[in-house]
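What follows is a set of notes on a single structure, which appears directly below.
2 protein chains.
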Amino acid sequence: MSIKFEILKESKTTKARLGKLYTCHGIIDTPVFMPVGTQATVKAMTPRELDDLGIQIILSNSYHLYLRPGYNLVAQAGGLHKFMGWKGAILTDSGGFQIFSLGKLNKISDEGVFFNSHIDGSKHFINPEKAMEIQIALGSDIAMAFDECAPYPSGKYQVEIAAQRTIQWAKRCKEAHHGSSQSLFGIVQGGAFKDLRIENANKLVELDFPGYAIGGLSVGEPKSLMYEILDCTVPCLPNNKPRYLMGVGAPQSILEGIIRGVDMFDCVLPTRNARNGSLLASSGNLSITNAKYKDDFTPLDNKCQCYTCQNFTRAYLRHLYMSNEILASILGTIHNLYFMSSLMKNIRLALLEDRLLEFKEEFLSNFLN
Amino acid sequence: MSIKFEILKESKTTKARLGKLYTCHGIIDTPVFMPVGTQATVKAMTPRELDDLGIQIILSNSYHLYLRPGYNLVAQAGGLHKFMGWKGAILTDSGGFQIFSLGKLNKISDEGVFFNSHIDGSKHFINPEKAMEIQIALGSDIAMAFDECAPYPSGKYQVEIAAQRTIQWAKRCKEAHHGSSQSLFGIVQGGAFKDLRIENANKLVELDFPGYAIGGLSVGEPKSLMYEILDCTVPCLPNNKPRYLMGVGAPQSILEGIIRGVDMFDCVLPTRNARNGSLLASSGNLSITNAKYKDDFTPLDNKCQCYTCQNFTRAYLRHLYMSNEILASILGTIHNLYFMSSLMKNIRLALLEDRLLEFKEEFLSNFLN
Chain A
1 MSIKFEILKE SKTTKARLGK LYTCHGIIDT PVFMPVGTQA TVKAMTPREL
51 DDLGIQIILS NSYHLYLRPG YNLVAQAGGL HKFMGWKGAI LTDSGGFQIF
101 SLGKLNKISD EGVFFNSHID GSKHFINPEK AMEIQIALGS DIAMAFDECA
151 PYPSGKYQVE IAAQRTIQWA KRCKEAHHGS SQSLFGIVQG GAFKDLRIEN
201 ANKLVELDFP GYAIGGLSVG EPKSLMYEIL DCTVPCLPNN KPRYLMGVGA
251 PQSILEGIIR GVDMFDCVLP TRNARNGSLL ASSGNLSITN AKYKDDFTPL
301 DNKCQCYTCQ NFTRAYLRHL YMSNEILASI LGTIHNLYFM SSLMKNIRLA
351 LLEDRLLEFK EEFLSNFLN
Chain B
1 MSIKFEILKE SKTTKARLGK LYTCHGIIDT PVFMPVGTQA TVKAMTPREL
51 DDLGIQIILS NSYHLYLRPG YNLVAQAGGL HKFMGWKGAI LTDSGGFQIF
101 SLGKLNKISD EGVFFNSHID GSKHFINPEK AMEIQIALGS DIAMAFDECA
151 PYPSGKYQVE IAAQRTIQWA KRCKEAHHGS SQSLFGIVQG GAFKDLRIEN
201 ANKLVELDFP GYAIGGLSVG EPKSLMYEIL DCTVPCLPNN KPRYLMGVGA
251 PQSILEGIIR GVDMFDCVLP TRNARNGSLL ASSGNLSITN AKYKDDFTPL
301 DNKCQCYTCQ NFTRAYLRHL YMSNEILASI LGTIHNLYFM SSLMKNIRLA
351 LLEDRLLEFK EEFLSNFLN
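Structure representation (structure tokens):
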């Protein structure tokens, strides 16, 4: 079964929409934030913990799984869901972004990308066809087209080449993916250039994908520029298809994205920050290792209902982080994912009740970062 | 409330006993294995996970908590139970063993021990009175006397000095501890010398503690020697008090200890080994990172009912360990603690049904290590 996207309600004052995304592995309430499970695990979380946190979909990385344990092994296991014991939905990225950001690039051409593994330096080649083969083998619910993301900042010529190649690759991905029950999303590129974004989005839409991602943002450009790009890109995308802003997970950016019509988000930050002691409180990011929390016997966030906040104090959490205890990462991740989950729930409720802008204002007046 | 120990049944064919240890924080079924929560956390486990695993008592380390976060901070938090959010019982060791094994010793005298922290090299002094002050502040259910554990092997003279000092210190501990509702256990020393063990046990029993530990074993001596020491030491201890064999957690040694009349055990190995990929299977220790498990899609132990074995394959677990994922430690620890918990449950059932020796034979015929 491919995905089905249903819009339940459209905001009257913004471009936001409340929706449901139907997959083989459950229904996803949108707007949604997808936690990242890079190596077939959301770091420090068991699948039952994710389930308890109300998480309906996670993202996993083709690049990492291709290198380790190998996509054939995952296929042998019966696919990624079975391999990692996760019953919810999975979106896999194509590996494009990781090859460009993590691997040691050897050569990019229209044909594909030669790169060296960040783990052992071994040589690899991935092209659109291979990226589809990998994701079909992984068996994710949603696969992403193989794209080229130019670094930021790049000159217009370089960005244009990458954007055009992304369209050519999207076509090849569609062809290679034909016949699969998995849903394949296209990715809009075009860097920080509005005209390139519009042109790229229009060309991509011609190819008719069941969903569209906006890639290459939140890579160092000012937030205001990201919002401007969204302002001009989203209207080019069809209304009845899900829209996914890749790699964005800061609460403020999520709110701004939703207001501009985005339905899906992913980001490593809530989980990575959790492991580094940067915790999401209703008052903003809190650095729990700060000495002032040494003897603070209040919860991390007294407004939070998560397991961590209901059972432990800031002083204890700080002790765990200072002692490099695994439990620090576990409790921090539970909290940060609960925070994101609950933020998204509140956003959806606000959308349902036609008060998204009021919610945003109230939320951001407390969340100071 | 101090502890109360009740013997429900004595084995007809061995010295084993089935019992219940009543504490302020719940009833403990004995014989019991206590997981170690060195720094106020059983590594990689949330308290609710420990609870789900049926764990009734954990051990925590005074030495570590004294250094970090400091026992006054734990006292301010309302004691160790509240600090770490653990509702079950806690036994704290005195710090003696860790000072001798981890700290950089400066000077031991009858008065006490000068040592340098293994964390930052800072200078500290602990004596019996201080060890009691620390454990009273931590508020554990059971505290341990401050002892001197001579390294193995040591000459008889050195062991005798340490054993005599341990008795002198036990007296001072008892005096310093007087009036506390916490229960204080004495520790028998005497190394690998049977006559010293017997003398030491007899002197300790004269001081009348609510429970007795046998320390300084499983420190490098042959197993057969440890069993011989138990054979001559346990009979010196009163029948109606719990007996605790410190630092022992290998399934075979636990069985041999129980048969010789021991009620309580602790060891870091089931949790530490779990983090290193050495997992307890009914067929013996299994090194999950072994290449032969790469594409083994069966459970770690198909006889095991734990969350890990019910939901994940050896291939997935191996992948997690090879990728240094935190989930490896979580799932490995869940499994190893479940294994220990279930071993102890089966031992208690066998004791109840008067078939301990049969159980031991059957268990060890499968568990090959």
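Same order as they appear, the protein sequences are chains A and B.
Under full-length UniProt numbering, the final residue of the first sequence carries the number 369; numbering is consecutive throughout.
Under full-length UniProt numbering, the final residue of the second sequence carries the number 369; numbering is consecutive throughout.
Ideal placement from N, C-alpha and C gives every residue a C-beta, glycine not left out.
Check: Span separating the alpha-carbon of A:F312 from that of B:I119; Outcome: 25 Å
Check: Under the three-state DSSP convention, the category A:E111 falls into; Outcome: coil
Check: Spatial distance of B:E199 from B:G190 (CA atoms); Outcome: 8 Å
Check: CB contact check: B:A89 to chain A, cutoff 7 Å; Outcome: no
Check: Given B:R260 as reference, the closest of B:S2, B:S11, B:F5, B:I3 once Cα atoms are compared; Outcome: B:S11
Check: Status (buried if at least 16 other CB within 10 Å, exposed otherwise) for A:L65; Outcome: buried
Check: contact_flag[the stretch 124–143 of chain A, the stretch 66–86 of chain A] where n(CB pairs < 8 Å) is 3 or more; Outcome: yes
Check: Simplified DSSP assignment, three categories, for A:K20; Outcome: strand
Check: Beta strand (DSSP E) runs wholly inside the stretch 56–87 of chain B, at least 3 long, in chain order; Outcome: 57–61
Check: Residue ranges of each alpha helix (DSSP H) within the stretch 200–287 of chain B, 4 or longer; Outcome: 223–233, 251–259, 269–275
Check: Start-to-end residues for the alpha helix (DSSP H) that takes in B:D52; Outcome: 47–52
Check: Residues that B:N346 contacts on chain A, provided the C-beta gap is smaller than 8 Å; Outcome: Under the 8 Å cutoff, chain A gives no residues; its nearest Cβ is about 26 Å from B:N346.
Check: Any chain B beta carbon closer than 7 Å to A:P69; Outcome: yes
Check: Within-7 Å CB hit, A:F83 to chain B; Outcome: yes
Check: Cutoff 7 Å: A:T41 Cβ touching any chain B Cβ; Outcome: yes
Check: Coil, strand or helix - B:E143 by DSSP; Outcome: Note that residue 143 of chain B is Ala in the sequence shown, not Glu. Correct three-state label for B:A143: strand.
Check: From B:T308, B:N127, B:F185, B:F297, residue whose alpha carbon lies closest to that of B:L280; Outcome: B:T308
Check: The stretch 101–111 of chain A in contact with the stretch 153–160 of chain A per 3-pair CB rule at 8 Å; Outcome: no
Check: Three CB pairs or more closer than 8 Å across the stretch 315–329 of chain B and the stretch 341–351 of chain A; Outcome: no
Check: Interface flag, A:N311 vs chain B, CB-CB below 7 Å; Outcome: yes
Check: Coarse secondary structure for A:I330, derived from DSSP in three states; Outcome: helix
Check: Opposing strand residues paired with A:N116 [DSSP bridges]; Outcome: A:K104, A:K123
Check: Closer than 7 Å to chain B by CB, A:F339; Outcome: no
Check: C-alpha distance - B:L217 paired with A:F33, whole-angstrom precision; Outcome: 53 Å
Check: N- and C-terminal bounds of the alpha helix (DSSP H) containing A:V159; Outcome: 156–177
Check: Helix, strand or coil at residue 371 of chain A [DSSP, three-state]; Outcome: Only positions 1 to 369 of chain A appear in this structure, which leaves residue 371 of chain A out of reach.
Check: Chain A within 7 Å of B:Y316, Cβ atoms only; Outcome: yes
Check: Cβ-Cβ distance between B:S60 and B:I27 below 7 Å; Outcome: no
Check: CA-to-CA distance, B:K360 to B:Y338, given in whole angstroms; Outcome: 18 Å
Check: C-beta contact flag for A:V205 and A:T233 at 7 Å; Outcome: no
Check: Rounded separation between A:E256 and A:I167 - CA only; Outcome: 27 Å
Check: Straight-line gap, B:A291 to B:L300 (C-alpha atoms, nearest Å); Outcome: 14 Å
Check: Below-7 Å beta-carbon distance, B:F209 vs any chain A residue; Outcome: no
Check: Three-state secondary structure (DSSP) of A:T38; Outcome: coil
Check: Simplified DSSP assignment, three categories, for B:K4; Outcome: strand
Check: Within-7 Å CB hit, B:L327 to chain A; Outcome: yes
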